[in-house]
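Peer 1: From first to last, the protein sequence lines stand for chains D and U.
Mapping of the first sequence onto numbering that gives the first Met the number 0: residues 0 to 386, in sequence order.
Mapping of the second sequence onto numbering that gives the first Met the number 0: residues 0 to 386, in sequence order.
If you scroll down you'll find the structure; I have some questions about it.
There are 2 protein chains.
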Amino acid sequence: MSVLKITIMGIDGYLGWPLAMHLFSRGHEVSGVDNFSRRRNVEEIGGHSATPIKPMKMRLKAYEKSSGNKIRFYQGDLIKTGFTEDVIAKERPDCIVHLGEIPSAPYSMIDVDHCNYTQTNNIVGTNNILFAMRKHAQKCHLLKLGTMGEYGTPNVDIPEGFFEIEYRGRKDKLPFPRQPGSWYHLSKVHDTFNIIFACKIWGLASTDIMQGVVHGLMTDEMVNDDLLTRFDFDEVWGTALNRFCAQAVIGHELTPYGKGGQTRGFIALRDSIECMTITAENPPADGEYRVFNQFDETYSVNELAKHVVSVGEEFGLDAKIWSIENPRVEKEEHYYNPDHERLPSLGFKPVHSLDAELRRTIPKLIQYRDRIEEKKGVIMPSVKWRG
Amino acid sequence: MSVLKITIMGIDGYLGWPLAMHLFSRGHEVSGVDNFSRRRNVEEIGGHSATPIKPMKMRLKAYEKSSGNKIRFYQGDLIKTGFTEDVIAKERPDCIVHLGEIPSAPYSMIDVDHCNYTQTNNIVGTNNILFAMRKHAQKCHLLKLGTMGEYGTPNVDIPEGFFEIEYRGRKDKLPFPRQPGSWYHLSKVHDTFNIIFACKIWGLASTDIMQGVVHGLMTDEMVNDDLLTRFDFDEVWGTALNRFCAQAVIGHELTPYGKGGQTRGFIALRDSIECMTITAENPPADGEYRVFNQFDETYSVNELAKHVVSVGEEFGLDAKIWSIENPRVEKEEHYYNPDHERLPSLGFKPVHSLDAELRRTIPKLIQYRDRIEEKKGVIMPSVKWRG
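See the structure below:
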């Protein structure tokens, strides 16, 4: 395997930080960019990470001390065209892993300003990367994080990005229709279309990863708590599963929204990182745009809650489930059968089940119970899709 | 027919101005918004309208003098959330005709700044309208101008927005796949997805018009030259047909790009305005999102050039065709068969053929030949898709 120069956009985030450490442990040379917007945006709605997150300088120092590896870090904002261009011109990476976007559906639904902020931030940041690649890193592989939520929940199987159709007796291979369910999910669809176009006209190469919901907290590189990644549990930044875990730990009922039949694809944090590593190490051809659906198992919201109750019992937690009104507009019972063959065909084998991850996550959250207790007021939903 | 309160976003533009006069002549109450960006953006690339366009104050005065009608005008920028909200709160229109976007593919392709400007301007302006409608005009009908270019040129028929598919034995009705061919066309696709979502979650009503290329210059309400609409003929703001007309008038070869088999849908300005009028007068149901493909005839670029040569001869012009390298990335020979049944089903009958419009356009351009001659340096292409 050849050593890759990899730049991670959004290296301070939930995925970015553990991915950086893992790629380094695989022997790659890693640099990263962040504007710390996630920290600010979580603060804005009154939340904080259940795990205490060190300032970037201390994170980098702690990682260097434990591993001997030095990550080059650039503080700045991808929406500043000149900054993004400068970083890419200086690094000339083989691969950019683009995690540098605002990733919350509820945050984008707060009001018009949060909608516009999410969409312009994500679109302009991605456009700036594409234009900078074209100018300074034409052979670079853009590994872009999209979301399974781009597809919505159609009543047919979901292929990986494209499908062959016959329509009125003629055939073509076309992008599979997208039905995103929030201003945030829409921004990811906008990105997808922009990236397809850039690959087509400029011959750039990209893997657009439609990722399921990631769960879990600990990776092998987190050898001490200074190296932990964040774990958000509030209504805006926490996933349903994170909220259930936090609720179980502080003795609050778990609160699935509506009927709880909403079904999504899930993947463990360690498996997600393994997938991104495999993808980076197996780049597309020049000019190729490809889509990987990256998830392992599908669960309904109710099933998630049951798993948390059951694993919670092993740690002495007595959790109850209490369904509440759904603040979102989404189908609560539906067909869901997305393909996910392309990553396994490159050698990916999921090894971390939901229960296995919960057995690592819950005790760590119990250790930080006070931090959850302190911010328990922001777990229940206040952002409503219908306004 | 009931009288409608109609607000036109982009009332200073090629379509907005003649539409305003026509809607008033149909008895509706018309107001309008513009930030004059089109005037500035055409100036920026060194062009101007072949027809001299009066400042808005003088246009409004000239129209009032000739018709007795008063149009309420708001100068401002739709990307300013407060401004857009104020206008919609004050007008509480029955219908918003949203033409207030940057409409040029080549302009969006100049560089990263023009790409980001086009996309953020169009997306944020539309989002601001949607949020303001939700707050102040829940029953308002958003008549939004998209483009046939959202679909690209697939190898199958193009339905009006949605299609029923069977995929692996299961069925659903889904948005027809979009394959836009420039940053500008992408912005229109982004809008489309955002509007579908707003209608779904808030029950807003919208007609998303996928309009073909509009041709022609004169409408019945233009009773004197102070009331003319603009006619751009430069490489950035002029359509292929407009460029051919201008070239014929000044004795320059007509310059189709590449093989010239690129085929698009076309509609006469007077027919386009009639379509928008019919659409406004036949609104969708509450919460309905519908798509109309709005064009009349399809022509290849080579066919357009031949029509200009032939009609030009009637006015003593001796035009030649001289194909040049295609600056764009597009299929130059392809299948093209889009549906356009929904507007005829509401009573639309196209009455103005390409040749009939050319017979009205060319003499008016001959009258302003000096203005074309003055700016002939910006007709030939310099903006290239591959950069």
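Even for Gly, the Cβ is constructed at its ideal location relative to N, Cα and C.
#1: Quick one: residues in its chain with C-beta nearer than 6 Å to the C-beta of L316(U), no 5 flanking neighbours on either side, listed in chain order?
#2: Please report how far the alpha carbon of D285(U) lies from the alpha carbon of N40(U), in whole angstroms.
#3: Using the beta-carbon of each residue, which ones in chain U are nearer than 8 Å to H97(D)?
#4: Taking three-plus beta-carbon pairs below 8 Å as touching, is the region 160-175 of chain D in contact with the region 212-219 of chain D?
#5: Determine whether the Cβ of C139(U) lies closer than 8 Å to any Cβ atom of chain D.
#6: Identify the continuous beta strand (DSSP E) that holds C244(U) and give its terminal residues.
#7: Need the endpoints of the beta strand (DSSP E) that S205(D) sits in, please.
#8: Quick one, which of N336(D), E84(D), A136(D) and D190(D) has its alpha-carbon nearest Q118(D)'s?
#9: So which residues of chain U does W201(D) contact, with C-beta pairs closer than 8 Å?
#10: How many angstroms separate the CA atom of V308(D) from the CA atom of K330(D)?
#11: Hey, how far is the Cα of A304(D) from the Cα of I320(D)?
#12: Quick check: what's the CA-CA separation for R441(D) versus E42(D)?
#13: Please go through the region 346-383 of chain D and give each complete alpha helix (DSSP H) segment of 4 or more residues, from N-terminal end onward.
#14: Less than 8 Å between the beta carbons of P174(D) and P176(U), yes or no?
#15: Which class does N292(U) belong to by DSSP, given the choice of helix, strand or coil?
#16: Buried or exposed: N301(D), going by 16 or more other Cβ atoms within 10 Å of its Cβ?
#17: Output needed for L240(D): all residues of its chain with C-beta closer than 6 Å, excluding positions within five of it in sequence on either side, in chain order.
#18: Would you please verify whether the beta carbon of C198(D) is less than 8 Å from any beta carbon of chain A?
#19: If you reduce the DSSP assignment to three classes, tell me which class D190(U) lands in.
#20: In terms of residue numbering, what span does the beta strand (DSSP E) encompassing A267(D) cover?
#21: Considering F72(U), what are the terminal residues of the alpha helix (DSSP H) in which it resides?
#22: Report the three-state DSSP secondary structure of F175(D) (helix, strand or coil).
#23: Give a yes or no on whether 8 Å exceeds the smallest Cβ distance from C274(U) to chain D.
#24: Are there three or more Cβ pairs, one per stretch, closer than 8 Å when the region 12-22 of chain U is compared with the region 88-95 of chain D?
#25: Give me the Cβ distance between L185(U) and N193(D), rounded to the nearest whole Å; I'm assuming they're in contact under 8 Å.
#26: How far does the beta strand (DSSP E) with Y256(U) in it reach, from first residue to last?
#27: What is the rounded straight-line gap between the Cα of N127(U) and the Cα of Y116(U)?
#28: Taking the alpha-carbon positions, what's the M108(U) to G260(U) distance?
#29: How would you write the range of the beta strand (DSSP E) that C114(D) sits in, first residue to last?
#30: For the region 296-312 of chain D, list every residue whose C-beta sits within 7 Å of some C-beta in chain U, in sequence order.
#31: Give a yes or no on whether 8 Å exceeds the smallest Cβ distance from D231(U) to chain D.
#32: Is the region 27-35 of chain D close to the region 70-89 of chain D, with three or more CB pairs under 8 Å?
#33: Look at H140(U) and C198(U) and say whether their C-beta atoms are less than 8 Å apart.
#34: Does the region 220-238 of chain D come into contact with the region 277-293 of chain D, if we say contact requires no fewer than three beta-carbon pairs (one atom in each stretch) closer than 8 Å?
#35: Could you name the residues of the same chain whose beta carbon sits closer than 7 Å to that of K258(D), not counting the 5 residues immediately before and after it, in chain order?
#36: Do I157(D) and I164(U) have their beta-carbon atoms positioned less than 8 Å apart in this structure?
Peer 2: Based on what the coordinates show:
#1: Residue mapping note: residue 316(U) aligns to position 317 of the second sequence, counting from 1. When the five nearest sequence neighbours on each side are left out, the beta carbons in the same chain lying within less than 6 Å of the beta carbon of L316(U) are those of A247, in order along the chain.
#2: Translated into the one-based positions of the second sequence, residue 285(U) becomes position 286. Translated into the one-based positions of the second sequence, residue 40(U) becomes position 41. Their backbone Cα atoms lie some 37 Å apart in a straight line.
#3: Position 98 of the first sequence, counted from the first residue, corresponds to residue 97(D). Residues of chain U with a Cβ closer than 8 Å to the Cβ of H97(D) do not exist, since the nearest Cβ in that chain sits about 16 Å away.
#4: Because the criterion of three Cβ pairs below 8 Å is not met, the region 160-175 of chain D and the region 212-219 of chain D do not touch.
#5: In the second sequence, the residue the question calls residue 139(U) occupies position 140. Cβ-Cβ to chain D under 8 Å: no for C139(U).
#6: By one-based count along the second sequence, residue 244(U) stands at place 245. Taken as a continuous stretch (DSSP letters only), C244(U) belongs to no beta strand (DSSP E), being part of the alpha helix (DSSP H) at A239 to I249.
#7: By 1-based counting over the first sequence, the position of residue 205(D) is 206. Segment A204 to Q210, the beta strand (DSSP E) holding S205(D).
#8: As a position in the first sequence, residue 118(D) is number 119, starting the count at 1. Looking at the Cα atoms, D190(D) is the closest of the given residues.
#9: Indexing the first sequence from 1 puts residue 201(D) at position 202. One finds R385 and G386 in chain U with Cβ atoms closer than 8 Å to the Cβ of W201(D), taken in chain order.
#10: Walking along the first sequence from the start, residue 308(D) turns up at place 309. Walking along the first sequence from the start, residue 330(D) turns up at place 331. Our two residues, V308(D) and K330(D), have alpha carbons roughly 24 Å apart in a direct line.
#11: One-based indexing of the first sequence puts residue 304(D) at position 305. One-based indexing of the first sequence puts residue 320(D) at position 321. If you take the alpha carbons of A304(D) and I320(D), they lie about 7 Å apart.
#12: Since the displayed chain D opens at 0 and closes at 386, residue 441(D) lies outside it and no answer follows.
#13: You should have 353-366 and 368-373.
#14: Here residue 174(D) refers to the residue found at position 175 of the first sequence. Here residue 176(U) refers to the residue found at position 177 of the second sequence. Yes, the pair counts as a contact, with Cβ atoms nearer than the cut-off.
#15: Taking the second sequence and counting its residues from 1, the one referred to as residue 292(U) is at position 293. Three-state DSSP puts N292(U) in a strand.
#16: What you label residue 301(D) is simply residue 302 of the first sequence in a count that begins at 1. Result: buried.
#17: Looking up residue 240(D) in the first sequence gives position 241. Exclusion of the five residues before and after L240(D) leaves H214 and L303 as the residues of its chain whose Cβ lies within less than 6 Å of its Cβ.
#18: Among the protein chains in the structure shown, which are D and U, there is no chain A.
#19: Counting from one through the second sequence, the residue named residue 190(U) turns up at place 191. Look at D190(U) here: in three-state DSSP terms it is helix.
#20: By 1-based counting over the first sequence, the position of residue 267(D) is 268. It spans T262 to A267 - the beta strand (DSSP E) in which A267(D) sits, taken as one unbroken run.
#21: What you label residue 72(U) is simply residue 73 of the second sequence in a count that begins at 1. No alpha helix (DSSP H) holds F72(U); the beta strand (DSSP E) holding it covers R71 to Q74.
#22: As a working note, residue 175(D) is residue 176 in the first sequence. Coil at F175(D), not helix or strand.
#23: Taking the first residue of the second sequence as 1, we reach residue 274(U) at position 275. Against chain D, the CB of C274(U) has no partner CB under 8 Å away; the residue lies outside that interface.
#24: No, because fewer than three Cβ pairs between the region 12-22 of chain U and the region 88-95 of chain D fall closer than 8 Å, the two stretches do not touch.
#25: Reading the second sequence from its first residue, position 186 is the one you call residue 185(U). Reading the first sequence from its first residue, position 194 is the one you call residue 193(D). Right, the Cβ-Cβ distance comes to about 6 Å (below 8 Å), so this counts as a contact.
#26: Sequence index remark: in the second sequence, residue 256(U) carries index 257 (1-based). Unbroken run through Y256(U): none, as it is neither H nor E.
#27: Indexing the second sequence from 1 puts residue 127(U) at position 128. Indexing the second sequence from 1 puts residue 116(U) at position 117. N127(U) and Y116(U): Cα-Cα distance of roughly 16 Å.
#28: Numbered from 1 along the second sequence, position 109 holds the residue referred to as residue 108(U). Numbered from 1 along the second sequence, position 261 holds the residue referred to as residue 260(U). The straight-line gap from Cα to Cα measures roughly 22 Å.
#29: What you label residue 114(D) is simply residue 115 of the first sequence in a count that begins at 1. Segment V111 to H135 is the alpha helix (DSSP H) holding C114(D); no beta strand (DSSP E) there.
#30: Listed by position, the residues of the region 296-312 of chain D near chain U (Cβ gap below 7 Å) amount to none.
#31: Along the second sequence, one-based indexing puts residue 231(U) at 232. Under the Cβ distance rule, D231(U) does not count among the residues neighbouring chain D, no pair being separated by less than 8 Å.
#32: Touching, per the Cβ criterion.
#33: Within the second sequence, residue 140(U) is the residue found at index 141, counting from 1. Within the second sequence, residue 198(U) is the residue found at index 199, counting from 1. The answer is no: Cβ separation not under 8 Å.
#34: Touching, no.
#35: Reading the first sequence from its first residue, position 259 is the one you call residue 258(D). Counting only residues of its own chain and dropping the five nearest sequence neighbours on each side, K258(D) has a CB closer than 7 Å to the CB of E331 and E332.
#36: The count along the second sequence starts at 1 and reaches residue 164(U) at position 165. The count along the first sequence starts at 1 and reaches residue 157(D) at position 158. No, Cβ-Cβ distance for I164(U) and I157(D) is not below 8 Å.
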